[in-house]
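> After the structure tokens below, expect a handful of questions from me.
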Amino acid sequence: MGGRDYKGHMSKIKVSNMIYPILIGLGVVGYMLYREFDPDVFSVLHFTWKSVLWIFIAFLFMFGRDIGYIIRIRILSDNKLTWMQAFRVIMLWEFTSAITPSAIGGTSFAIIYVHKEGISVGKSSAIVLLTSFFDELYFIVMFPLVTLLVGKSVLFDVSAAVGDTFAMGLLGIALTGYFLKLIYTLFVSYGLFINPKGLKWILLKVFRIRFLRKWYRSAVKTGDDIIASSKEIKTKKLGFWVKAVSASFLSWSSRYLVVNAILLGFFVFGDHLLLFARQLVMWIMMLIMPTPGGSGFSEFLFKEYLSDFIPVDVSLQFGVAALLALLWRLITYYPYLIIGAVIFPRWLKRNFGAEARASWKKPEAVEEESGNN
316 MGGRDYKGHM
326 SKIKVSNMIY
336 PILIGLGVVG
346 YMLYREFDPD
356 VFSVLHFTWK
366 SVLWIFIAFL
376 FMFGRDIGYI
386 IRIRILSDNK
396 LTWMQAFRVI
406 MLWEFTSAIT
416 PSAIGGTSFA
426 IIYVHKEGIS
436 VGKSSAIVLL
446 TSFFDELYFI
456 VMFPLVTLLV
466 GKSVLFDVSA
476 AVGDTFAMGL
486 LGIALTGYFL
496 KLIYTLFVSY
506 GLFINPKGLK
516 WILLKVFRIR
526 FLRKWYRSAV
536 KTGDDIIASS
546 KEIKTKKLGF
556 WVKAVSASFL
566 SWSSRYLVVN
576 AILLGFFVFG
586 DHLLLFARQL
596 VMWIMMLIMP
606 TPGGSGFSEF
616 LFKEYLSDFI
626 PVDVSLQFGV
636 AALLALLWRL
646 ITYYPYLIIG
656 AVIFPRWLKR
666 NFGAEARASW
676 KKPEAVEEES
686 GNN
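Each number in the numbering used here comes from the position in the sequence shown (counting from 1) with 315 added on.
The structure is reproduced here in structure tokens:
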């Protein structure tokens with residue numbers, strides 16, 4: 316972001332963009348129901364008080380997921396962010412992630428969200444980079460752990476329902492996503508904990524290659540962020556790392572328990588660990604998808620990858636799974652579009668309106684930017 320052109324950067328985010336993931340997601344679910352349509356699908360899903368209870372618990376798990384994020388970002392800011400500020404940052408971050416491709420997410424905008432709450436640019440960069448690091452660390456540790464616990468053959472054993480080719484495709488996508496995450500985590504770890512200046516030097520050398528030069532400025536900024544973040548984290552004690560990792564574990568684990576709760580609202584099944592493991596694998600796949608928030612692919616993957624957990628006649632499994640996929644996204648995805656659509660315009664007006672443009676910079680931010688420029 317040359318010259319800290321925050322307003323120009325934020326102009327890329329439009330509330331109207333939320334219509335695209337909604338249309339994609341609903342379109343895919345509608346198509347799946349059309350292909351698998353059977354009136355009996357609706358007869359096996361009985362909404363009872365038990366269903367209502369477990370759907371409520373599913374929402375509680377999503378609340379736990381957000382609480383974990385909010386606690387973590389307060390820890391990373393040394394509690395300089397209030398609870399309300401932390402809530403606002405997380406909701407804006409989730410909204411941006413929901414309307415941008417999963418492979419991009421809201422990370423590039425998150426520094427602005429944190430900075431606008433009165434945190435200096437350098438510390439904001441450190442907070443966002445550490446957040447990303449903890450998220451990736453969760454996947455790096457948990458994927459091999461759950462694979463070991465449930466077994467690779469069981470984790471990807473969907474060939475009976477969808478065929479060997481598709482099952483191998485799922486494995487390939489999962490492994491691709493995992494190794495991309497592993498490479499990124501090793502890359503960031505080297506910069507944060509070992510040699511930040513050396514990593515910046517490598518980045519600049521790489522992005523001087525002709526076909527990569529258009530991203531050279533972004534590489535410079537990334538290198539600067541890593542150096543600033545490295546200085547920031549060297550002062551942290553063991554308690555800081557324990558609390559941040561615990562909050563990350565709470566957040567991501569709560570997210571994966573949502574589907575367990577949804578299925579318990581309608582059916583009885585036994586292997587909750589396997590279902591949890593498959594959701595973790597699903598999320599790794601979703602993170603490399605090009606659609607906003609993984610829309611379309613997420614619903615499709617839910618139907619294909621989790622349908623064997625639904626104890627109904629095989630001819631009805633896919634249709635029931637498609638309906639449950641829609642319910643899953645209504646709980647885990649669409650609320651962030653709604654909350655973001657309410658918060659984002661007000662936030663944008665407050666920070667980038669005609670009167671705000673001249674006064675939004677906090678003293679420490681002005682001082683830091685003056686030093687950088």
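From the three backbone atoms N, C-alpha and C, an ideal C-beta is built for every residue, glycine too.
Nearest by alpha-carbon distance to residue 455: which of 536, 547, 563 and 361 is it?
Here the closest residue by C-alpha is 563.
> On the CB-based measure, 16 or more other CB atoms within 10 Å of its CB, does residue 399 come out buried or exposed?
The residue in question, residue 399, is exposed, as its Cβ has fewer than 16 Cβ neighbours within 10 Å.
> Whole angstroms is fine: what's the gap from residue 355's alpha carbon to residue 401's?
Between residue 355 and residue 401, the C-alpha separation is close to 46 Å.
> Pick helix, strand or coil for residue 361, following the three-state DSSP scheme.
Residue state, collapsed to three classes: coil.
> Could you tell me the boundaries of the alpha helix (DSSP H) in which residue 449 lies?
Residues 436-465.
> Starting from residue 415, follow the alpha helix (DSSP H) in both directions and report where the run begins and ends.
No alpha helix (DSSP H) contains residue 415, which DSSP labels as neither H nor E.
> Report the rounded CA-to-CA distance for residue 641 versus residue 542, giving the unit in angstroms.
When rounded, the distance between both Cα atoms is 43 Å.
> For the alpha helix (DSSP H) that contains residue 563, what are its first and last residues?
Note, residue 563: alpha helix (DSSP H), 553-579.
> If you drop the 5 nearest sequence neighbours on each side, which residues of the same chain put their C-beta closer than 6 Å to that of residue 565?
The answer, listed in chain order, is 383.
> Any contact between the stretch 635-654 and the stretch 371-383? By contact I mean 3 or more CB pairs, one from each, below 8 Å.
Flag = yes, the stretch 635-654 and the stretch 371-383 touch.
> Distance, Cα to Cα, residue 476 vs residue 594?
Because the pLDDT at residue 476 is just 48, under 50, the model does not fix this residue reliably, and the value given afterwards should be weighed accordingly. Between residue 476 and residue 594, the C-alpha separation is close to 18 Å.
> Any Cβ of chain C within less than 7 Å of the Cβ of residue 623?
Protein chain content of the structure displayed is limited to a single chain, and chain C is not contained in it.
> Below 8 Å, how does it come out for the stretch 405-416 and the stretch 424-434: are there three or more Cβ pairs, yes or no?
The stretch 405-416 is in contact with the stretch 424-434.
> Can you tell me where the alpha helix (DSSP H) holding residue 629 begins and where it ends?
Counting along the chain, the alpha helix (DSSP H) containing residue 629 begins and ends at 629-647.
> Hey, out of 555, 598, 459 and 569, whose CA is closest to residue 389's CA?
Here the closest residue by C-alpha is 555.
> To which residues of the same chain is residue 522 closer than 6 Å at the C-beta, ignoring the five residues directly before and after it?
Contacts found: 530, 531 and 534.
> Quick check on DSSP: helix, strand or coil for residue 692?
Residue 692 lies beyond the stretch modelled for the chain, which goes from 316 to 688, so this question has no answer here.
> I'd like to check one pair, residue 406 with residue 492: are the Cβ atoms closer than 7 Å?
No. Outside cutoff.
> Closest by CA to residue 381, which one among 613, 410 and 582?
Comparing Cα positions, the closest option is 410.
> Straight-line CA distance for residue 498 to residue 385?
In a straight line, the C-alpha of residue 498 is about 27 Å away from that of residue 385.
> Using 8 Å as the threshold, is the stretch 354-368 in touch with the stretch 577-587, meaning 3 or more CB pairs across them?
Cβ pair count under 8 Å is three or more, so yes.
> Give the secondary structure of residue 666 by DSSP, where H, G and I count as helix, E and B as strand, and everything else as coil.
Residue 666 falls in the helix class under three-state DSSP.
> Where residue 570 and residue 590 are concerned, what is the direct C-alpha to C-alpha distance, given to the nearest angstrom?
Each residue's alpha carbon lies about 12 Å from the other.
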